[in-house]
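Working notes, beginning with the structure itself.
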């Protein structure tokens, strides 16, 4: 029988970079040759998983205004939904230990509410600012604002985005950086590189193609940091501007550059590489890892990797090099996989040479890095489980076809499920409203609640597997042409086992310092076995980050330590604001959206 490692597509065998395991002097400072330091008493080995272990910080404030504007990131005009009039949204940055106070203003005129999710941020004991309509809040109505405030107890690179249905697919997202130590040295920080697929039509309209049972709509281009190219003729199509550009950056020989690859896509898991360069992976989803070297990497939707690239390319064939990204399973689904340019000579404006696509890049597959590659610097051992994990407890990924929907828009739609139920949350009565009511309220089955009423510090295990099949099989497998990037709010999780084949009971979990992250790719035909520690009361979403699947119900919510949720909200003094926002949304929705035939017509998330 093949081992778990045999089932993970690894590409090249990575080379582990030697790292020190001894603590640095307490007075060391962060610099090009001492990136493991941060400040006095805090370094790469400080246990950031304990929210009480964070440096003292300052207050950092931002304002984000949501509007619709015409944008043309790939040279083709369309109406986008954006923050502060720009696409992508502005960089939000702070230092480890800082408190962020971000005020979101909804200036939309199309009847949409909004809410903003801080992707990967644990939000310890502050579940009410997780930004999920129907779960942690009511939407922000047009003309109103909401303040989100949280402390940065983690560090690394992520993004923020709307969680109001498919809104972020129309452009409503931006990069988020919490500066902190790194597990490998570097000279220059190039910041986040957001990688996304792009459409020329509104995401809410395109979603009905998928709901009708057809394959999800194919994007027309790939963007890197909001720039890309699309082949069109301004003389034939007035929406074609003729102004398209690649993202470009300049390297200096011998310099080590840090950047973070952030997949903000709607549909595609990307295979990423840079011609002529290897790179060193140093962080995955806010978790610093022991550095390892590779030259190609899969990045699932919602996943982030901080990498270090040394400018040491062989320049005998030219001084400029392509940055590439293509869909991991069907490389030619978007014909152009060139998404950016690295130049060693900034005066050079010619296109780089284009080497032929290698078999390694074409056939790399869709798997995450192997479990042996992503070794967390801060070591953790997974404790024994307190929940059941038999086959009837599996989090099965599947499809329901041609069934009535909770919103009764059209009974002939296809929905996606976890635990055999397609999620539908009501924007007017979010989960936290039920959990803070004066009397017990039942959760409707379509809200897919999973209660975790366990003591702090206990561990729960869940197996994500697939039951969709085009034909009868003995062991259910995911045979859809899709990877499922599963994201957990409020936690990261340990990956106990992961593979491309069907799960079998003899697979042993890795409990000694397994990889930890907050998005795991359930590969085509595969599974992922995850575990996390019960320690953060709230209603936390677990969902597929493929946007069409989330919109069609592929989600559940963990109701974690329910008896502790209401006291936390009361003690924080936010219960009145929470109630007032819901009352305001209900008035707007019923007075404006319903009379104008704009009902909630998807899962809501």
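Residue numbers (mature numbering (1 follows the signal peptide of the UniProt record, and there is no 0)): -18 to -1, 1 to 587.
A virtual CB, placed ideally from N, CA and C, is assigned to each residue, including glycine.
Return the chain-ordered list of same chain residues with a C-beta closer than 6 Å to the C-beta of residue i, the five sequence neighbours on each side being excluded.
{"i": "residue 309", "result": "250, 315"}
{"i": "residue 365", "result": "441"}
{"i": "residue 186", "result": "148"}
{"i": "residue 508", "result": "481, 482"}
{"i": "residue 503", "result": "282, 350, 465, 467"}
{"i": "residue 248", "result": "151, 179, 529"}
Hey, residue i and residue j: beta-carbon distance below 7 Å or not?
{"i": "residue 266", "j": "residue 356", "result": "yes"}
{"i": "residue 293", "j": "residue 237", "result": "yes"}
{"i": "residue 348", "j": "residue 465", "result": "yes"}
{"i": "residue 233", "j": "residue 324", "result": "yes"}
{"i": "residue 337", "j": "residue 300", "result": "no"}
{"i": "residue 206", "j": "residue 177", "result": "yes"}
{"i": "residue 377", "j": "residue 361", "result": "no"}
{"i": "residue 527", "j": "residue 469", "result": "yes"}
{"i": "residue 85", "j": "residue 45", "result": "yes"}
Please name the residue in the options whose C-alpha comes closest to that of residue i.
{"i": "residue 20", "options": "32, 31, 36", "result": "36"}
{"i": "residue 76", "options": "496, 129, 139", "result": "139"}
{"i": "residue 208", "options": "156, 543, 162, 125", "result": "156"}
{"i": "residue 90", "options": "81, 62, 354", "result": "62"}
{"i": "residue 439", "options": "519, 271, 213", "result": "519"}
{"i": "residue 56", "options": "34, 221, 426", "result": "221"}
{"i": "residue 121", "options": "334, 545, 48", "result": "48"}
{"i": "residue 486", "options": "564, 168, 371", "result": "371"}
{"i": "residue 31", "options": "167, 104, 54", "result": "104"}
{"i": "residue 588", "options": "168, 198, 193", "result": "Residue 588 is absent from the model: the chain starts at -18 and stops at 587."}
{"i": "residue 163", "options": "306, 271, 550, 200", "result": "271"}
{"i": "residue 493", "options": "515, 382, 17, 311", "result": "515"}
{"i": "residue 179", "options": "192, 212, 168", "result": "212"}
{"i": "residue 50", "options": "184, 340, 193, 330", "result": "184"}
{"i": "residue 107", "options": "257, 411, 547", "result": "547"}
Could you check how far apart the C-beta atoms of residue i and residue j are, in whole angstroms? I think they sit under 8 Å.
{"i": "residue 478", "j": "residue 513", "result": "6 Å"}
{"i": "residue 406", "j": "residue 151", "result": "Rounded, the Cβ-Cβ distance is 19 Å, inconsistent with contact."}
{"i": "residue 244", "j": "residue 304", "result": "With a Cβ gap of about 19 Å, residue 244 and residue 304 do not count as contacting."}
{"i": "residue 404", "j": "residue 542", "result": "Their Cβ separation, rounded to whole angstroms, is 22 Å, which puts residue 404 and residue 542 out of contact at 8 Å."}
{"i": "residue 158", "j": "residue 100", "result": "7 Å"}
{"i": "residue 253", "j": "residue 145", "result": "In fact, because the Cβ distance is near 27 Å, the residues do not count as touching under 8 Å."}
{"i": "residue 511", "j": "residue 491", "result": "6 Å"}
{"i": "residue 14", "j": "residue 167", "result": "6 Å"}
Quick one: give me the first and last residue of the alpha helix (DSSP H) that residue i is part of.
{"i": "residue 530", "result": "529 to 533"}
{"i": "residue 545", "result": "544 to 554"}
{"i": "residue 561", "result": "557 to 570"}
{"i": "residue 413", "result": "413 to 417"}
{"i": "residue 192", "result": "185 to 193"}
{"i": "residue 440", "result": "Note, residue 440: premise wrong, no alpha helix (DSSP H); not H, not E."}
{"i": "residue 342", "result": "341 to 344"}
Between which residues of its own chain and residue i is the CB-CB distance below 7 Å, once the five residues before and five after are set aside?
{"i": "residue 523", "result": "114, 117, 471, 537, 539, 587"}
{"i": "residue 102", "result": "140, 267, 268, 500"}
{"i": "residue -18", "result": "Residue placement at residue -18 cannot be trusted, given a pLDDT of 29 that sits under 50; the coordinates are not used to answer."}
{"i": "residue 574", "result": "93"}
{"i": "residue 459", "result": "Note on residue 459: pLDDT 41, under 50, position unreliable in the model; the coordinate value appears next. Excluding positions up to five away in sequence, the list reads 448, 451, 484, 507."}
{"i": "residue 78", "result": "20, 36, 37, 134, 137, 160, 161, 162"}
Using a Cβ cut-off of 7 Å (strictly closer), state whether residue i contacts chain C.
{"i": "residue 399", "result": "Among the chains of the structure shown, chain C does not appear; only one protein chain is present."}
Could you spell out the range, first to last residue, of the beta strand (DSSP E) harbouring residue i?
{"i": "residue 99", "result": "98 to 100"}
{"i": "residue 599", "result": "This structure cannot settle anything about residue 599, because the visible part of the chain is limited to -18 through 587."}
{"i": "residue 171", "result": "170 to 180"}
{"i": "residue 105", "result": "Here residue 105 belongs to no beta strand (DSSP E), and DSSP marks it neither H nor E."}
{"i": "residue 132", "result": "127 to 133"}
{"i": "residue 322", "result": "320 to 325"}
{"i": "residue 309", "result": "302 to 309"}
{"i": "residue 479", "result": "475 to 481"}
{"i": "residue 88", "result": "81 to 88"}
{"i": "residue 329", "result": "Counting along the chain, residue 329 falls outside any beta strand (DSSP E), and DSSP gives it neither H nor E."}
{"i": "residue 288", "result": "286 to 292"}
{"i": "residue 242", "result": "238 to 245"}
{"i": "residue 596", "result": "Past the edges of the chain, shown from -18 to 587, lies residue 596, and the structure says nothing about it."}
{"i": "residue 60", "result": "60 to 65"}
{"i": "residue 610", "result": "The structure shown does not extend to residue 610, since the chain is modelled only from -18 through 587, so no value can be given for it."}
{"i": "residue 158", "result": "155 to 161"}
{"i": "residue 147", "result": "Element bounds for residue 147: n/a, residue is neither H nor E."}
Enumerate in chain order the residues of its own chain whose CB-to-CB distance from residue i is below 8 Å, with the five nearest sequence positions on each side excluded.
{"i": "residue 81", "result": "39, 40, 41, 42, 131, 132, 133, 134"}
{"i": "residue 289", "result": "240, 241, 242, 243, 261, 262, 263, 264, 279"}
{"i": "residue 95", "result": "88, 115, 120, 121, 122, 123, 124, 146, 409, 567, 570, 571"}
{"i": "residue 389", "result": "Caution applies to residue 389, whose pLDDT of 48 falls short of 50 and renders its modelled position unreliable; the model cannot decide the point."}
{"i": "residue 427", "result": "403"}
{"i": "residue 235", "result": "293, 294, 326"}
{"i": "residue 127", "result": "85, 86, 87, 88"}
Is residue i close to the ligand ADP? I mean its beta-carbon at under 6 Å from any heavy atom of the ligand.
{"i": "residue 268", "result": "The ligand ADP is not part of the structure shown, which contains no ligands of any sort."}
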